Amino acid sequence: MTEKKWIEKIVAPREKHWVGDGFHVSTIFSMHSEDTESISPFLMMDHAAPKYFPPTQRKRGVGEHPHRGFETVTFAIKGEVEHRDSGGGGGTITTGGIQWMTAGSGVVHDEFHSSKFSQKGGDFEMIQLWVNLPSKFKMTPPRYQSFEKGDFPIIDHGDLGMSVKVIAGTFGTVTSPVKTFSPINMYELNGPSSSQLEITLPVGSNTLVFQLSGKSSIADQQIEKGNLAILSKSGNSFNLQLLEESKVMILSGEPLGEPVAAYGPFVMNTRQELMEAFKDFQAGKMGQLVN
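Just so you know, we're using this note's numbering here: the sequence shown kicks off at 10 and counts up by one.
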């Protein structure tokens with residue numbers, strides 16, 4: 010039996026700010042301004058809307074910084090992002106690609122526009138999402154999952170006019186290649202005006218709908234471009250109708266039901282664990298980048 014979810018809250022994007030000199034972002038939602046229980050297991054999402062960067066020989070971005078206790082998911086919508094980390098890893102997130110980084114016990118990394126993109130210049134757009142880790146996995150070893158544009162299954166609902174890219178979890182019988190530490194479903198929907206689709210999700214999941222472009226509605230309540238809809242926890246399905254040609258992100262996950270202690274680049278469960286994270290970073294236990 011299905012019960013409909015509804016929109017409990019519409020969140021407008023915050024004022025834009027710079028992260029380093031390469032990422033001009035609006036915070037779409039944050040654990041610091043929303044009830045953590047209504048967005049768990051997600052913590053924060055920044056969107057760098059399309060912006061032109063002229064050619065340069067100096068790569069723009071953000072220098073080395075640490076993370077512990079959660080995961081970052083970086084979507085390169087337009088342009089490319091290069092990264093390096095204290096474990097000796099590195100690589101390039103190409104246009105349409107996604108990097109799912111588990112900071113776990115701690116990692117130091119940096120993020121810059123790729124050399125190729127910097128020298129050529131062009132439009133740049135990206136999203137970075139923070140996903141919390143359950144307490145038992147906070148100190149798991151760091152890892153990367155890197156994916157190119159074509160690595161994710163896409164379901165074409167031709168009769169309904171909409172396509173679904175399965176970024177995490179499952180949609181129907183189709184499963185994403187991403188491995189997660191808690192139950193998460195994440196989709197990117199694309200379609201023309203007047204197309205619609207019924208989305209079914211596990212009972213009790215927290216569900217967020219981000220209108221990346223265009224305009225849509227759920228139960229006759231509109232979601233404008235750049236806005237986020239926080240849906241009710243009760244219910245297990247909703248009908249998404251596109252009022253304009255649109256790209257929509259759906260984030261849904263099982264709430265962790267654990268305390269959140271966060272400061273700067275660390276997200277733990279207690280203040281004591283936060284203090285330990287800072288001490289470990291200052292003592293060099295998270296490693297350092299080698300130039």
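For each residue, glycine too, the CB sits at the ideal point set by N, CA and C.
Here the structure is a predicted model, which means the values were calculated and not measured.
Legend entry - DSSP three-state assignment for Gly72, whether helix, strand or coil: Counting from one through the sequence shown, the residue named residue 72 turns up at place 63. Strand at Gly72.
Legend entry - Reduced DSSP category for Gly159 - H, G, I as helix; E, B as strand; rest coil: Locating residue 159 in the sequence shown gives position 150, where the first residue counts as 1. When secondary structure is reduced to three states using DSSP, Gly159 falls in the helix class.
Inset, instruction - Whole angstroms is fine: what's the gap from Ile259's alpha carbon to Lys14's? - result: Counting from one through the sequence shown, the residue named residue 259 turns up at place 250. Counting from one through the sequence shown, the residue named residue 14 turns up at place 5. Roughly 13 Å separates the two Cα atoms.
Legend entry - Beta carbon of Asp55 nearer than 8 Å to that of Ile176: Taking the first residue of the sequence shown as position 1, residue 55 is located at position 46. Taking the first residue of the sequence shown as position 1, residue 176 is located at position 167. No, Cβ-Cβ distance for Asp55 and Ile176 is not below 8 Å.
Legend entry - Whole-angstrom C-beta distance between Glu89 and Thr65, which should lie under 8 Å: Taking the sequence shown and counting its residues from 1, one reaches residue 65 at position 56. Taking the sequence shown and counting its residues from 1, one reaches residue 89 at position 80. Between Glu89 and Thr65 the Cβ distance is about 14 Å, and since that is not below 8 Å, they are no contact.
Legend entry - Three CB pairs or more closer than 8 Å across the segment 29 to 47 and the segment 66 to 74: They touch, by the three-pair rule.
Inset, instruction - Would you check if the distance between the CB atom of Val218 and the CB atom of Ala238 is smaller than 8 Å? - result: Along the sequence shown, read from residue 1 onward, the residue named residue 218 stands at position 209. Along the sequence shown, read from residue 1 onward, the residue named residue 238 stands at position 229. It is a contact, given that the beta carbons lie within the stated cut-off.
Inset, instruction - Under 8 Å by Cβ, that's how I've got Glu157 and Ser124 pegged, so tell me the actual separation to the nearest angstrom. - result: What you label residue 157 is simply residue 148 of the sequence shown in a count that begins at 1. What you label residue 124 is simply residue 115 of the sequence shown in a count that begins at 1. With a Cβ gap of about 18 Å, Glu157 and Ser124 do not count as contacting.
Legend entry - C-alpha gap between Asp289 and Met295, whole angstroms: Position 280 of the sequence shown holds residue 289. Position 286 of the sequence shown holds residue 295. Their backbone Cα atoms lie some 7 Å apart in a straight line.
Legend entry - For His118 and Ala228, the rounded distance between their alpha carbons: The residue labelled residue 228 in the question sits at position 219 within the sequence shown. The residue labelled residue 118 in the question sits at position 109 within the sequence shown. One C-alpha to the other measures close to 43 Å.
Inset, instruction - State the beta-bridge partners of Ser172 as determined by DSSP. - result: Here the question's residue 172 lines up with position 163 in the sequence shown. According to DSSP, which records beta bridges pairwise, Ser172 is partnered with Asp165 and Asn199.
Inset, instruction - Indicate whether the contact test is met: 3 or more Cβ pairs, each with one atom in the segment 187 to 206 and one in the segment 245 to 257, closer than 8 Å. - result: Yes: at least three Cβ pairs fall under 8 Å.
Inset, instruction - Look at the alpha carbon of Thr182 and the alpha carbon of Pro151, and state the distance between them as a whole number of angstroms. - result: Along the sequence shown, read from residue 1 onward, the residue named residue 182 stands at position 173. Along the sequence shown, read from residue 1 onward, the residue named residue 151 stands at position 142. Each residue's alpha carbon lies about 30 Å from the other.
Inset, instruction - Out of Lys129, Phe51, Gly131 and Asn215, point me to the one whose CA is closest to Glu80's CA. - result: Within the sequence shown, numbered from 1, the residue matching residue 80 stands at position 71. Answer by Cα proximity: Phe51.
Legend entry - Of the listed residues His41, Ser39 and Ser261, nearest to Ser191 (C-alpha basis): Stepping through the sequence shown from its first residue, residue 191 is reached at position 182. In terms of CA proximity to Ser191, Ser261 leads the group His41, Ser39 and Ser261.
Inset, instruction - Tell me whether Lys288 sits in a helix, a strand or coil according to DSSP, three-state version. - result: Counting from 1 along the sequence shown, the entry for residue 288 is found at position 279. DSSP, reduced to helix, strand and coil, places Lys288 within a helical segment of the structure shown.
Inset, instruction - Can you say whether Thr11 is buried or exposed, counting buried as having 16 or more other CB atoms within 10 angstroms of its CB? - result: Position 2 of the sequence shown, counted from the first residue, corresponds to residue 11. Exposed, by the Cβ-count rule.
Legend entry - In chain order, each beta strand (DSSP E) run of at least 3 residues that lies wholly inside the segment 39 to 89: Fully contained in the segment 39 to 89 are the following beta strand (DSSP E) runs of length 3 or more, in chain order: 51 to 62, 70 to 76 and 79 to 87.
Legend entry - Euclidean distance between Cα positions of His301 and Asn199: With the chain represented from 10 up to 300, any question about residue 301 goes unanswered, as that position is not in the structure.
Inset, instruction - Measure the C-alpha to C-alpha separation of Ala270 and Arg93 and round it to an integer number of angstroms. - result: As a first step, residue 270 must be located in the sequence shown, where it is residue number 261. As a first step, residue 93 must be located in the sequence shown, where it is residue number 84. Going by the C-alpha atoms only, they are around 27 Å apart.
Inset, instruction - Taking Phe247 as part of the beta strand (DSSP E), name the residues at either end of that continuous run. - result: Reading the sequence shown from its first residue, position 238 is the one you call residue 247. Taken as a continuous stretch (DSSP letters only), the beta strand (DSSP E) holding Phe247 covers Ser246 to Leu251.
Legend entry - Backbone CA spacing between Phe62 and Gln128 [nearest angstrom]: Against the sequence shown, residue 62 aligns to sequence position 53. Against the sequence shown, residue 128 aligns to sequence position 119. Their backbone Cα atoms lie some 10 Å apart in a straight line.
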